[in-house]
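When we follow this note's numbering, the leftmost residue of the sequence shown carries the number 81, and every step to the right adds one. Idealized CB from N, CA, C, for every residue including glycine.
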Amino acid sequence: MRLKNISAAFRIVGSAVGIVTWLTAGIAMADSNQQEQAAAQVTGSFLQELSAAMNREMSKGGPSEAIKLCGELAPEIANRLSRENGWRVTRVGTRVRNPLLGMPDAWEQNILREFTARAATGESLADMTYSEVVSEPEGQYFRFMKPIAVQPKCLLCHGPAEAIPEPIKKILAKHYPFDRATGYKAGDLRGAVSIKQPLTRQEH
Ligand code: HEC
81 MRLKNISAAF RIVGSAVGIV TWLTAGIAMA DSNQQEQAAA QVTGSFLQEL
131 SAAMNREMSK GGPSEAIKLC GELAPEIANR LSRENGWRVT RVGTRVRNPL
181 LGMPDAWEQN ILREFTARAA TGESLADMTY SEVVSEPEGQ YFRFMKPIAV
231 QPKCLLCHGP AEAIPEPIKK ILAKHYPFDR ATGYKAGDLR GAVSIKQPLT
281 RQEH
């Protein structure tokens with residue numbers, strides 16, 4: 081009789097644990113969906129703002145004005161979005177012009193490689209995103225990446241040597257002596273918007 085009671089008790093505790101685990105998993109999933117949506121939204125406004133500004137500058141000021149744009153305005157927008165959201169919002173490249181801002185970390189390098197592999201199987205870069213919760217010594221982070229594809233208008237500064245006008249080559253050579261972000265074709269993976277969001281409070 082006692083044994084039966086104990087095993088019944090175990091069964092009740094067991095199913096309670098099951099329900100709690102199931103609930104927590106559900107909550108975690110709902111959270112990460114929300115995080116993914118928020119990250120996708122910020123990424124979308126980053127890319128839209130940048131693209132609108134680039135179209136404006138390139139028709140108005142010409143290519144050397146537009147260099148300022150990809151060079152100064154893009155990091156400015158990324159900084160503002162980072163501050164406003166309390167995340168790190170950046171732009172990373174598959175090959176990099178500015179190593180300080182554009183160099184992907186190990187996780188980002190893997191995801192860029194995965195985007196390239198997915199594109200090789202016919203998936204459209206425009207529809208891809210990747211998100212994951214990662215654990216690091218300082219805590220957990222929600223990470224999100226969305227590909228940036230090369231458009232024809234990018235070739236002026238990121239295309240093969242013959243597509244880049246002399247005045248632009250000069251400016252690039254002066255400011256970015258170790259520039260590796262050329263030689264792209266339209267449709268190539270140029271890089272990604274990358275978001276890193278702290279999930280746990282870091283107490284120090
Ligand atoms: C008029 C020149 C110019 C054009 C056009 C241009 N870029 Fe750039 N791009 C730059 C410069 C300069 C940098 C370096 C930015 C910096 O100093 O952080 C850069 C950096 C980048 C980076 C960051 C990674 C890295 O290599 O440092 C990405 C991603 C990028 N460009 C994507 C694009 C895309 C996509 C387009 C087309 C929609 C484009 N660029 C058009 C000049 C240009």
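Could you give the uninterrupted runs of the beta strand (DSSP E) lying entirely in the segment 138-207, keeping only those of 3 residues or more? Counting only runs of at least 3 residues, the segment 138-207 fully encloses the following beta strand (DSSP E) elements, listed from N- to C-terminal order: 168-173.
Taking the straight line between their C-alpha atoms, what separation do you get for L192 and G239? Looking at the two C-alpha atoms, the distance is approximately 19 Å.
Could you tell me how far apart the beta carbons of F126 and A158 are, in whole angstroms, since I believe they sit closer than 8 Å? Taking C-beta atoms under 8 Å as the contact rule, F126 and A158 qualify, at a distance of about 7 Å.
By the 10 Å Cβ neighbour count, where 16 or more other Cβ atoms means buried, how is L205 classified, buried or exposed? Flag for L205 reads buried.
Closer than 6 Å by C-beta to M225: which residues in its own chain qualify, once you throw out the five before and the five after it? Chain order, please. Closer than 6 Å at Cβ, skipping near neighbours: I191, Y210, A272, S274.
Give every residue of the same chain whose Cβ lies closer than 8 Å to the Cβ of M81, excluding the five residues on either side of it in the sequence, and list them in chain order. Per-residue confidence for M81 stands at a pLDDT of 46, beneath the threshold of 50, marking its modelled position as unreliable; the derived number appears in the next sentence. Cβ neighbours of M81 within its own chain (closer than 8 Å, five residues either side excluded): none.
Determine the closest residue to Q236 out of A266, E218, A200, G219, with distance taken between C-alpha atoms. Sequence inspection shows Leu at residue 236; the Gln mentioned does not correspond to that position. The residue with the shortest Cα to Cα distance from L236 is A266.
For my contact list, Y256 and R177 are in at a C-beta cut-off of 8 Å; report their separation, rounded to the angstrom. Rounded to the nearest angstrom, the Cβ distance from Y256 to R177 is 5 Å, consistent with a contact under 8 Å.
Using only the alpha-carbon positions, how far apart do R168 and Q189 sit? In a straight line, the C-alpha of R168 is about 17 Å away from that of Q189.
Going by DSSP in three states, P278 sits in which element: helix, strand or coil? P278: strand per DSSP, three-state reduction.
Within a Cβ cutoff of 7 Å, which residues of the same chain sit near A133, ignoring the five residues on either side of it in sequence? Result list for A133: L149, L153, in chain order.
Uninterrupted alpha helix (DSSP H) stretches inside the segment 224-266 (no shorter than 4 residues): Qualifying alpha helix (DSSP H) stretches, in chain order: 235-238, 246-255.
Going by the CB atoms, is the gap between L269 and T201 shorter than 7 Å? No, they are not a contact pair.
N165: which of A119, V230, L252, M208 sits nearest, CA to CA? It is A119.
In the DSSP output, which residue or residues are listed as bridge partners for F222? Bridge partners of F222: V213, Q277.
Within this structure, are the beta carbons of V213 and Q220 separated by less than 7 Å? Against a cut-off of 7 Å, the Cβ pair of Q220 and V213 comes out as a contact.
Residue burial classification, Q277 (beta-carbon count within 10 angstroms, cutoff 16): Counting the other CB atoms within 10 Å of its CB gives Q277 a total of 16 or more, which places it among the buried residues.
Just the C-alpha distance for T170 and L181, rounded to the nearest angstrom, thanks. Cα to Cα, T170 sits roughly 7 Å from L181.
Count the other CB atoms within 10 Å of the CB of P247; is the residue buried (16 or more) or exposed (fewer)? By the neighbour-count rule (16 or more Cβ atoms within 10 Å), P247 is not buried but exposed.
Excluding the 5 residues flanking K250 on each side, which residues of the same chain have their C-beta closer than 6 Å to its C-beta? Nothing meets the Cβ criterion.
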